[in-house]
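S.K.: Chains as they are written, first to last, in the working numbering: chain G, 102 to 269; chain S, 33 to 222. Have a look at the structure that comes next, please.
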Amino acid sequence: MPKLDRNPLTRWLAAERATRDDEAEAALAALFAALPQPVLPVGFADRVLARVGLPPAATAWGLDRLAAGLFVALATALGSLALLPASWLAALAAGAAGTLAGLGLGLARGVSLLLPLWRGLAEVAHWASLAVADPQGAALLGLCTLLSAMAARLLYGLLDERSPRYAD
Amino acid sequence: MQSDQQLVAEALEGSQDAYRELVRRYATPLFRLVRRMVRDDSLAEDLTQETLVKAFAALGSYDPGRRLASWLFKIAHNTTIDHLRRGQLATTPLAAEEGDVQGPLDRLADPSLPSPEERARGADLARDLTAAVAALDLRYRELVLLRFQEGLEYQEIAEVTGLPLGTVKTRLHRGRKRLAELLAERGWTP
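What follows is the structure, encoded as structure tokens:
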């Protein structure tokens with residue numbers, strides 16, 4: 102956007118005084134061009150199209166994208182379980198049970214709550230480091246992280262699209 | 033880029049993308065005009081939406097020999113004037129107008145200006161020019177906006193407003209002079 106400065110104003114007012122109409126018109130148009138432009142709220146086009154009987158494509162497309170993204174993420178996560186060695190699955194299950202038990206004990210005692218929590222986190226970190234050390238596991242973790250980030254970004258975008266706002 | 037006439041033809045054949053592109057091209061100019069005429073964001077959005085709905089309903093009657101922008105501005109003009117005539121828009125009280133000048137118009141500052149002093153001056157000018165336009169009589173205001181904000185030719189403005197060409201020229205000349213007076217009252221001189 103061009104800067105709104107005094108030059109077109111000075112030229113315009115001087116041209117008005119001297120009744121130089123063409124110059125005055127050009128300078129005034131330049132002044133208007135420098136004014137900040139209003140922006141319509143997001144979703145305006147959809148509302149217009151809905152009123153003339155056309156589906157709000159952006160919304161439908163957005164929901165389709167979200168559903169497809171979640172489906173792919175779920176299918177990948179479930180499919181990846183089958184790829185893991187049986188010993189990993191057993192170890193993961195045992196580890197999770199152990200963590201939960203540790204946390205339960207900590208809560209029941211009512212003291213040293215942080216100790217089992219840290220122990221659980223350490224256990225999770227331990228299994229994660231084992232997974233990352235293996236190329237197959239590292240690829241799986243990377244894929245899951247990527248899908249999670251994409252799903253979060255998509256969800257944020259959808260929520261943001263539904264928030265009407267003016268940007269002056 | 034497709035021409036307006038191509039888009040209209042495709043829209044008439046039922047292309048949703050064509051309708052969407054027409055909205056993308058013209059919603060903001062229509063909103064910009066109506067907003068400065070009625071001085072109310074929410075109402076301007078409603079009237080802009082009404083304009084586009086009417087235009088799409090009457091798309092079959094659009095003459096491809098004319099500029100689509102002029103045709104749309106004419107519908108926006110009629111829609112806004114109808115609304116004003118129905119008295120649904122109360123005249124903005126002076127106090128409210130002054131409040132408006134101090135409120136949303138404060139957002140008009142251009143943050144890219146290099147120094148605080150120049151920035152403040154640019155913001156002041158933007159605010160005062162907008163306020164001066166808002167203070168113009170509606171007869172002049174719409175013509176000034178169509179000519180200097182939207183860049184329409186005299187003949188197009190005559191078609192949009194239904195006024196004789198001579199009247200358009202006269203009112204534009206007077207509107208320009210009045211705008212200069214209003215800015216001078218706010219301390220802007222050459």
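A virtual CB, placed ideally from N, CA and C, is assigned to each residue, including glycine.
In this structure, does DSSP put Thr221 of chain S in helix, strand or coil?
M.R.: coil
S.K.: Could you tell me which chain G residues have their CB closer than 7 Å to the CB of Val85 of chain S, listed as they occur along the chain?
M.R.: Val149, Arg152 and Val153
S.K.: In angstroms, rounded to a whole number, what distance separates the CA positions of Leu244 of chain G and Ala127 of chain G?
M.R.: Straight-line Cα distance between these residues: approximately 58 Å.
S.K.: So which residues of chain G does Thr181 of chain S contact, with C-beta pairs closer than 9 Å?
M.R.: The sequence shown places Gln at residue 181 of chain S, not Thr. Chain G residues near Gln181 of chain S: Ala130, Phe133, Ala134 and Leu136.
S.K.: Identify the contact partners of Gln187 of chain S in chain G, using a Cβ-Cβ distance below 8 Å as the criterion.
M.R.: None at all; the shortest Cβ gap to chain G is about 15 Å.
S.K.: Please list the partners that Lys209 of chain S has in chain G, where partner means a Cβ-to-Cβ separation under 8 Å.
M.R.: Glu117
S.K.: Expressed to the nearest angstrom, what Euclidean distance is found between the alpha-carbon atoms of Arg98 of chain S and Ala178 of chain G?
M.R.: 58 Å
S.K.: Nearest-angstrom Cα distance between Asp132 of chain S and Phe105 of chain S?
M.R.: In this prediction, Asp132 of chain S has a pLDDT of 38, which is less than 50 and means its spatial position is unreliable; nothing more can be read from the coordinates.
S.K.: Starting from Met69 of chain S, trace the alpha helix (DSSP H) in both directions and tell me its first and last residue.
M.R.: Gln48 to Val70
S.K.: Three-state secondary structure (DSSP) at Ala187 of chain G?
M.R.: Ala187 of chain G falls in the helix class under three-state DSSP.
S.K.: Counting contacts by CB-CB distance shorter than 9 Å, is Val16 of chain S in contact with chain G?
M.R.: Since the first residue of chain S shown is 33 and the last is 222, residue 16 of chain S is not available in this structure.
S.K.: Any beta carbon from chain G within less than 9 Å of Val223 of chain S's own beta carbon?
M.R.: Any question about residue 223 of chain S goes unanswered here, given that chain S covers just 33 to 222.
S.K.: Tell me the rounded alpha-carbon separation between Ala216 of chain S and Ala101 of chain S.
M.R.: 33 Å
S.K.: On a Cα-Cα basis, can you pick out the residue from S:Ala59, S:Val70 and S:Arg159 that is closest to Val85 of chain S?
M.R.: Here the closest residue by C-alpha is S:Ala59.
S.K.: Give me the subset of the segment 152-163 of chain S whose CB atoms are less than 9 Å from a CB atom of chain G, sorted by chain position.
M.R.: Arg153, Gly154, Ala155, Leu157, Ala158, Leu161 and Thr162
S.K.: Classify Ala198 of chain G as buried or exposed, calling it buried when 16 or more other Cβ atoms lie within 10 Å of its own Cβ.
M.R.: It is exposed - the Cβ of Ala198 of chain G has fewer than 16 other Cβ atoms within 10 Å.
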